[in-house]
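Read through the structure below, which is laid out as structure tokens, and then see the notes.
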Amino acid sequence: MKKIGLVGGISWVSTIDYYKLINEGVNKKLGGLQFAECLIYSLNFGDIQEKTWAHSYELLLNACLSLKKSGVDAIVLCANTAHMYADKIEKEVGLPLIHIATETAKAITEQKITTVGLLGTSFSMEMDFYKERLKSFGLNVLIPENQETRDYIQHVLKEELGRGIINPESKQNYIKIANELIARGAEGIILGCTEIPLLIDQSHFDVPVFDTTKIHSEAIVNFILS
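Under my numbering, the sequence shown has 209 at position 209, and the numbering climbs by one with no breaks.
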């Protein structure tokens, strides 16, 4: 069994889901009392917010280097937005990095879908690092057209979901935003922030919903047992 290093705390709420899903996944395949051997470096999300994601590379890198010193076989960044630094971190740390957007793209293409709607932080929706990875798999990516809508998604992620707050009004608004993407031609919806599954899931839509936390965790389990 391979040992995984998880960079968590971004936010702690979704890191709990990673830990749960990874251990359940390993146990489902091995049975008994077999679970994942893993290390979690839980960052203080307040430090990320103070520096902003745009200036948080050193925080993420130092966490990954600490995990490497502990003997892990691969690195996992437990946040979609953190993957803006994924390629740079993988090169500098010198360990495999299990990329959330790559694994999500694989899951989408397996369902023969070509156009997807992306919900995530403003960084993931507006910057190229995430969309270009999806596009490299031949996918057409739609995001909310209105800046105010994207800012609202970001606000809920930061001020509510990142703190573990579930607001029914926010849920209805997220469903409405996703349905607007579907109306524009999205054949599936990517929950492109690891906190979004706390609010909405497959039960709210007729089109396929891609929960990046679950997809990423399944890929991690496969690596652990490879």
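Beta carbons: idealized from backbone N, C-alpha and C, even for Gly.
Own chain residues within Cβ distance below 7 Å of residue i, not counting five before or after
i    : result
I108 : V116, L139, G188 and F210
L157 : T121, C193 and E195
N27  : Q34 and F35
A63  : V7, Y41 and L43
C-alpha distance - residue i paired with residue j, whole-angstrom precision
i    : j    : result
Q111 : D47  : 39 Å
K69  : I89  : 15 Å
V207 : L134 : 18 Å
E159 : I224 : 34 Å
E145 : M1   : 45 Å
G32  : L65  : 33 Å
T304 : K171 : Given a span of 1 to 226 for the chain in the structure shown, any question on residue 304 remains unanswerable.
D151 : K106 : 28 Å
I182 : I143 : 10 Å
V72  : P96  : 10 Å
A178 : N222 : 30 Å
N80  : K29  : 26 Å
Beta bridge counterpart(s) of residue i as assigned by DSSP
i    : result
C38  : I4
V215 : Here residue 215 turns out to be Ile, not Val, going by the sequence shown. Note: I215 sits in no beta bridge, so no partner.
I189 : G117 and V209
L236 : Outside the modelled stretch of the chain, which goes from 1 to 226, sits residue 236, for which no answer is possible.
Whole-number beta carbon distance between residue j and residue i, since they are thought to touch under 8 Å
i    : j    : result
I4   : I190 : Their Cβ separation, rounded to whole angstroms, is 23 Å, which puts I4 and I190 out of contact at 8 Å.
F123 : W53  : 5 Å
H216 : I100 : 5 Å
L21  : T213 : 7 Å
Contacts around residue i, its chain only, beta-carbon distance under 6 Å, and the 5 residues preceding and following it disregarded
i   : result
A57 : Note on residue identity: the sequence assigns Tyr, not Ala, to residue 57. Counting only Cβ-Cβ distances below 6 Å, and skipping sequence neighbours, we find Y85.
Sequence-distant residues of the same chain with beta carbon closer than 8 Å to residue i, five excluded per side
i    : result
G94  : K68
T114 : G138, L139, N140 and E187
T15  : L6, G8, G9, I40, S42 and C78
K176 : none
Any non-hydrogen atom of the ligand GDP within 7 Å of residue i CB
i    : result
I177 : As for the ligand GDP, it is missing from this structure, which has no ligand bound.
Sequence ranges, alpha helix (DSSP H) only - wholly within the segment 51 to 139, length at least 4 = Given a length threshold of 4 residues, each whole run of the alpha helix (DSSP H) inside the segment 51 to 139 is given here in chain order: 57 to 69, 86 to 93, 100 to 110, 122 to 126 and 128 to 135.
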